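Colleague: First, the structure itself, so that you have it in front of you.
In my numbering, the protein residues as written are 119 to 736.
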């Protein structure tokens, strides 16, 4: 699969943009309001920092946008105004992704905790920031709460998220909803109806897609697996997060993942039906809805779309992962997951070329995938890690993806490119791979991480994607590549990888070409008008902004929506972003973008207390 699958990384609105009749309801025909326009380009300082702050023992770097040819003197000042550290910048030249002349100030040696620090260089002060060990605790909670907000088929309770975000259950068949409890197939697909309630709304719309749900669920569960290996799983344990199941004896992050896992298994074709064991690719509205539309007020009929091999293998992979991780907490559910995974694997092997087309984009995203060798590899890796059975090991070792050099790409893994997920599982979950295979798999992880570090080293803003990588959902490429670096750190104990992870967080939280935090509620200037049908305050003041912890898709040099095309012509790749609800190609939210953010926030929040994680996985 391609390194940068531009249409495939978030294809859903490419066709929708042509449906003027629906999208004009959302106001895309008019210029965005002043409140919706990003002011980062004019209001930001030339000294770009992580606007939330830095961990005491982590890297601390700032980027200075300056035309100065010589190194600059910088000062770090405490909230009192006292100079607590100083030094000279290092030139980086013109940064290819931003087009800006940059120098970098490195104050990593300063580790005293406090609030209200500013870095001064070239006569300019940065935004204020903190240095503290609990820097990422709030983001860990908020980034995971995003998934509760996105739940379908359950009331969202004010006691957990606040009154502004509370809402009735969506898509349960209560008028005007037609509901997800008895959904027919598209014409010619099947002659029965299926209960596919629950799960997470995918992004700014009300669709539910197995392939995007698969990678998102895997990331949440994988985050818990990693935390267990690190001895820090209690931070994701029972009664730590905002989920209604808290107090049930199951880690809260697994409770959240189960909401989607139950839905994924409901999408499996039942026994006795044609293609039994396969998974329907998606369920969504028959036609696109406009903005704003509350979930419980969506009157569109819902449809099941044809089963696909890709969706079926996503079910096999995530259900297999579920079976091993849930077993200590709910044996019956773990057994149910394993049964579903085995059935899905068998069905996919019998139907290896049932492809989801890119053309199926009326009412929802296509999520087309016609190359499923990577999904077969991922699913076999999860089944082998869970069962240890030789048949699955043979499927792993015989797959071209087991030795392929491009399992990790510059543009990161994605719902369409999942071979890396299999590699990460094989590298970290104890199993019976031959020692030479295990060494090769682990070496591929560290080699990929080295590549990302090399990419960062040549930039003014230290981002683990190249200048050509600012495509739809570019922020997820940043987070996904950071997860690979975090895994490399776990495998080796090498602190360089940890530094790469934390500098990737710096980019997301303000150290970038726009001086813009892409995480709602975090930083001095943060994204606040992401594309969403309920969190649509820009269009309707009675509705809320996105909740804290929501990650915007990020710069997209393709400018694939009318708002971006109007306001961002000629932008440098890293500056191709606008905080406007109409800019779905730069400013949507999505579960597969927030899942890696939650993974990284949990890693960073637990990391400082573990002494920088110098241990290595044996």
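Cβ atoms here follow ideal geometry from the backbone N, Cα and C, with glycine treated the same way.
Fair warning: this is a prediction, and the values are worked out from it, not measured in the lab.
Near residue 430, which residues of its chain fall below 6 Å by C-beta distance, leaving aside the five closest residues on each side in sequence?
Modeller: 396, 397, 462, 465, 466.
Colleague: Give me whichever residues DSSP pairs with residue 237 in a beta bridge.
Modeller: 194
Colleague: Using CA coordinates, which residue listed in 361, 625, 411 is at the minimum distance from residue 276?
Modeller: 361
Colleague: Starting from the N-terminal side, write out each stretch of the alpha helix (DSSP H) that is 4 residues or longer and does not extend beyond the segment 527-552.
Modeller: Unbroken alpha helix (DSSP H) stretches of 4 residues or longer found wholly inside the segment 527-552: 537-546, given in chain order.
Colleague: Is DSSP giving residue 424 helix, strand or coil here?
Modeller: coil
Colleague: Contact between the segment 572-590 and the segment 466-478 is defined here as three or more beta-carbon pairs at a separation below 8 Å; is this criterion met?
Modeller: no
Colleague: If you count every other CB in all the chains shown that lies within 10 Å of the CB of residue 642, and 16 or more means buried, which is it?
Modeller: buried
Colleague: Reducing DSSP to helix, strand and coil, say where residue 146 ends up.
Modeller: Caution applies to residue 146, whose pLDDT of 26 falls short of 50 and renders its modelled position unreliable; the value that the coordinates give is listed next. DSSP places residue 146 in coil when its eight states are reduced to three.
Colleague: To the nearest angstrom, report how far apart residue 179 and residue 617 are at their CA atoms.
Modeller: 11 Å
Colleague: Excluding five sequence neighbours on each side, which residues of the same chain lie with their C-beta closer than 8 Å to the C-beta of residue 203?
Modeller: For residue 203, same chain residues with a beta-carbon under 8 Å away, outside a window of 5 residues either side, are 193, 194, 225, 227, 228 in chain order.
Colleague: Could you tell me which residues DSSP puts in a beta bridge with residue 644?
Modeller: 635
Colleague: Quick check: what's the CA-CA separation for residue 280 versus residue 628?
Modeller: 27 Å
Colleague: To the nearest angstrom, report how far apart residue 135 and residue 679 are at their CA atoms.
Modeller: Since pLDDT at residue 135 reaches only 32, below the 50 mark, its modelled position is unreliable, and the value read off the structure follows with that caveat. The alpha-carbon atoms of residue 135 and residue 679 are separated by roughly 7 Å.
Colleague: Check residue 219 in the structure and name its three-state DSSP category.
Modeller: strand
Colleague: For residue 719 and residue 626, I'd like the C-alpha separation in whole angstroms.
Modeller: Spanning the alpha carbons of residue 719 and residue 626 requires a straight line of approximately 12 Å.
Colleague: Under the rule that 16 or more other beta-carbon atoms within 10 Å means buried, what is residue 234, buried or exposed?
Modeller: So residue 234 ends up on the exposed side.
Colleague: Measuring CA to CA, which of 187, 534, 169, 422 is closest to residue 313?
Modeller: 422
Colleague: For residue 209, which beta-bridge partners are listed by DSSP?
Modeller: Answer is 221.
Colleague: For the alpha helix (DSSP H) containing residue 494, name the first residue and the last one.
Modeller: 491-505
Colleague: Run the CB neighbour count on residue 651, radius 10 Å, all protein chains shown included, and call it buried at 16 or more, exposed below.
Modeller: buried
Colleague: In terms of alpha-carbon separation, which member of 486, 554, 605 lies closest to residue 526?
Modeller: Comparing Cα positions, the closest option is 605.
Colleague: Taking 8 Å as the cut-off, decide whether the C-beta atoms of residue 326 and residue 401 are in contact.
Modeller: Contact: yes.
Colleague: Can at least three beta-carbon pairs, one atom from the segment 301-308 and one from the segment 407-427, be found at a separation below 8 Å?
Modeller: yes
Colleague: Could you have a look at residue 327 and say whether DSSP puts it in helix, strand or coil?
Modeller: Assignment of residue 327 by DSSP, reduced to helix, strand and coil, places it in the strand class.
Colleague: Tell me the DSSP secondary structure of residue 172 in three-state form.
Modeller: In the structure shown, residue 172 adopts extended strand secondary structure according to DSSP, grouped into three states.
Colleague: Can you list the beta strand (DSSP E) stretches of 3 or more residues lying completely in the segment 388-469, in chain order?
Modeller: 400-403, 420-422
Colleague: Would residue 249 pass as a contact of residue 171 if the rule is Cβ separation under 8 Å?
Modeller: A contact, by the Cβ cut-off of 8 Å.
Colleague: Tell me, to the nearest whole angstrom, how far the beta carbon of residue 377 is from that of residue 269; I am working on the premise that it is less than 8 Å.
Modeller: 6 Å
Colleague: Expressed to the nearest angstrom, what Euclidean distance is found between the alpha-carbon atoms of residue 420 and residue 403?
Modeller: Per the coordinates, the alpha-carbon of residue 420 lies some 5 Å from the alpha-carbon of residue 403.
Colleague: Excluding the 5 residues preceding and the 5 following residue 649 in the sequence, name in chain order all residues of the same chain whose CB lies nearer than 6 Å to its CB.
Modeller: 322, 699, 702, 705, 706
Colleague: What is the DSSP secondary structure of residue 685, reduced to helix, strand or coil?
Modeller: Residue state for residue 685 is assigned as helix, using DSSP reduced to three classes.
Colleague: On the criterion of 16 or more Cβ atoms from any shown chain inside 10 Å, does residue 410 qualify as buried, or is it exposed?
Modeller: Within 10 angstroms of the beta-carbon of residue 410 lie 16 or more other beta-carbons, which makes it buried.
Colleague: When the Cβ atoms of the segment 448-461 are set against those of the segment 553-563, are three or more pairs found closer than 8 Å?
Modeller: no
Colleague: For residue 724, does the count of other Cβ atoms within 10 angstroms reach 16, so buried, or fall short, so exposed?
Modeller: buried
Colleague: Let's test the definition: count the other Cβ atoms within 10 Å of the Cβ of residue 637 and tell me whether it reaches 16, buried, or not, exposed.
Modeller: buried
Colleague: Taking buried to mean at least 16 other C-beta atoms within 10 Å of its own C-beta, is residue 392 buried or exposed?
Modeller: exposed
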